[in-house]
Amino acid sequence: MRLNNLVHVVGCHAEGEVGNVVVGGIGDIPGQTMFDKRNYLEQHRDDLRRRLLHEPRGNVIRSTNVILPSNDPRAQMGYVILESTEYPAMSGSNTICVATVLLETGMIPMQEPVTNLTLESPAGLIELECQCSDGKVTSVRFLNQPAFVYELDAVIDVPDLGKVTVDVAWGGMAYVLVDAQSVGIEIVPARARDIAILGQRIKLAAAEQLQAVHPVHPDFPGITQTEFTNPIRREGGVLTARNAVAVSPGRLDRSPCGTGTSARLAVMHAKGEIQKGERFVHESIIGTKFDSTIESLTTVGGIAAVVPSVAGQAWITDISQVGVDPTDPFQTGYTLADTWMQL
Ligand SMILES: O=C(O)[C@H]1NCC[C@@H]1O
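Take my numbering: the last position of the sequence shown gets the number 344, and nothing is skipped along the way.
Written out as structure tokens, the structure reads:
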């Protein structure tokens with residue numbers, strides 16, 4: 002056996018969404034902040050992302066996080082998020098996986114019943130409250146960077162669909178939010194493929210027709226996610242709703258989506274549908290849940306924003322070492338349009 006570029010990976014999922022965690026084998030990545038390191042990986046080491054996420058070592062239904070030491074004395078650790086087609090500034094399900102792996106593998110000591118962490122994501126510092134019992138992390142609540150609205154009730158033209166009314170919001174990634182019923186979508190597992198395809202089409206139209214430039218970090222990516230929303234209902238008095246997020250290049254988030262939940266909280270607050278401190282339970286297409294709230298109100302570059310917290314649970318699935326045989330023709334993998342959608 003000959004394996005180069007060996008990295009050590011802890012497999013993990015948060016509420017069904019795979020967010021593997023690279024815990025060793027990378028060495029240092031240049032950059033002062035995690036956003037600098039993200040940029041370095043994107044510009045100079047994208048081979049790593051492709052090797053881990055593309056076939057035959059990966060697949061489209063996963064993200065991978067690289068754990069790196071942070072230069073910020075307030076953070077115990079940092080991480081860069083690698084997704085199928087991008088390096089997002091932030092990700093909820095991935096953050097929950099990272100915290101769970103750091104604590105359950107002992108990279109950071111676990112304190113029961115609660116371990117408080119500060120991690121540096123590419124979007125900035127993220128504070129986390131992890132409930133822990135018998136060596137297991139039973140819940141991770143993260144305080145996201147502020148979420149805010151770019152557009153409310155904007156109308157876009159989607160080829161072969163016509164005019165669609167959408168909202169656009171930032172929750173750590175930029176979202177176009179669409180009422181699922183308004184485009185004939187029922188958020189049920191049997192429709193997952195249709196939802197993913199329509200999600201891609203709406204996302205491409207929105208990214209072309211609407212501006213979504215972060216007011217403080219114009220280098221953060223623009224619209225890359227479509228969130229289909231179901232109406233908000235009250236369950237046991239708690240605001241609750243189902244959603245489905247189409248992640249690029251065109252597949253559904255299995256979790257309720259942490260950045261999508263944050264974006265939705267910003268939209269709900271702007272529309273007067275939720276107040277600061279109220280709970281909001283967000284459900285995924287497979288029925289898993291994130292518990293969220295608006296912790297405080299703020300502004301980002303002069304725009305009204307909410308500071309969301311989102312909680313969920315992750316489970317480790319496997320531990321592996323991934324490398325590449327020097328004679329392997331697929332050193333950095335490949336993609337095929339049967340699962341890696343190309344519209
Ligand atoms: O929870 C989230 O924010 C995400 N899940 C996969 C895609 C998004 O990054």
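Note that beta-carbon positions come from the ideal geometry of N, C-alpha and C, so glycine has one too. Since we're looking at a predicted model, the values are computed, not measured.
Residue i versus the options, residue with shortest Cα-Cα distance
| i | options | result |
| --- | --- | --- |
| proline 70 | Leu103, Asp195, Gly238 | Leu103 |
| tyrosine 88 | Ala100, Thr101, His45, Glu105 | His45 |
| leucine 266 | Glu279, Val214, Asp47 | Glu279 |
| alanine 124 | Val184, Pro219, Asp195 | Pro219 |
| leucine 4 | Ser256, Asp326, Gln182 | Asp326 |
| glycine 79 | Glu236, Asp37, Ala306 | Asp37 |
| aspartate 339 | Asn21, Arg51, Ile62 | Ile62 |
| valine 282 | Gly107, Glu236, Val81, Glu274 | Glu236 |
| isoleucine 233 | Met269, Pro250, Ile196, Lys290 | Met269 |
| alanine 207 | Trp316, Glu274, Ala155 | Ala155 |
| valine 99 | His215, Leu205, Val19, Gly173 | Val19 |
| leucine 199 | Ala15, Val159, Gly12 | Val159 |
| methionine 108 | Val24, Phe229, Ile82, Thr262 | Val24 |
| arginine 192 | Ala245, Val141, Leu162 | Ala245 |
| valine 214 | Trp171, Ala247, Thr101 | Trp171 |
Cβ-based burial, residue i [other Cβ within 10 Å; buried from 16]
| i | result |
| --- | --- |
| valine 167 | buried |
| tyrosine 335 | exposed |
| lysine 277 | exposed |
| arginine 39 | buried |
| arginine 202 | buried |
| glutamine 226 | buried |
| methionine 2 | exposed |
| lysine 164 | exposed |
| isoleucine 117 | Sequence check: residue 117 is asparagine here, not isoleucine. So asparagine 117 counts as exposed. |
| aspartate 254 | buried |
| valine 184 | buried |
| valine 311 | buried |
Residue i - DSSP class collapsed to helix/strand/coil
| i | result |
| --- | --- |
| phenylalanine 149 | strand |
| proline 1 | A query on residue 1 cannot be resolved here, the shown segment of the chain reaching from 2 to 344 and no further. |
| tyrosine 41 | helix |
| glutamate 296 | strand |
| threonine 34 | coil |
| serine 351 | One cannot answer for residue 351 here, as it falls past the ends of the chain, which runs 2 to 344. |
| glutamate 105 | helix |
| alanine 264 | helix |
| leucine 337 | coil |
| glutamine 112 | coil |
| aspartate 319 | strand |
| alanine 181 | helix |
| cysteine 98 | helix |
| leucine 4 | coil |
| glutamate 274 | coil |
| alanine 90 | coil |
| glutamine 210 | helix |
| arginine 58 | coil |
| glycine 136 | coil |
| leucine 144 | strand |
| leucine 253 | strand |
| alanine 124 | coil |
Whole-Å CB distance - residue i paired with residue j, under 8 Å assumed
| i | j | result |
| --- | --- | --- |
| proline 147 | threonine 299 | 5 Å |
| valine 169 | valine 179 | About 10 Å separates the two Cβ atoms, so there is no contact after all. |
| valine 150 | alanine 271 | 5 Å |
| leucine 144 | glutamate 43 | About 26 Å; that fails the 8 Å criterion. |
| asparagine 66 | asparagine 95 | 5 Å |
| proline 388 | serine 293 | Residue 388 is absent from the structure shown; the chain starts at 2 and stops at 344. |
| glutamate 128 | aspartate 73 | The Cβ separation is near 12 Å, so there is no contact. |
| phenylalanine 291 | glutamate 16 | 7 Å |
Bridge partners - residue i, DSSP secondary structure assignment
| i | result |
| --- | --- |
| glutamine 226 | Tyr176, Val248 |
| tyrosine 80 | Ile68 |
| threonine 166 | Val156 |
| glutamate 284 | Arg243, Lys290 |
| arginine 234 | Thr241 |
| histidine 14 | Val19, Trp316 |
| asparagine 117 | Glu130 |
| glycine 25 | His9 |
| isoleucine 304 | Val301 |
| valine 325 | Asn5 |
Min CB distance residue i to chain B below 8 Å
| i | result |
| --- | --- |
| alanine 207 | Here there is only one protein chain, and chain B is not present. |
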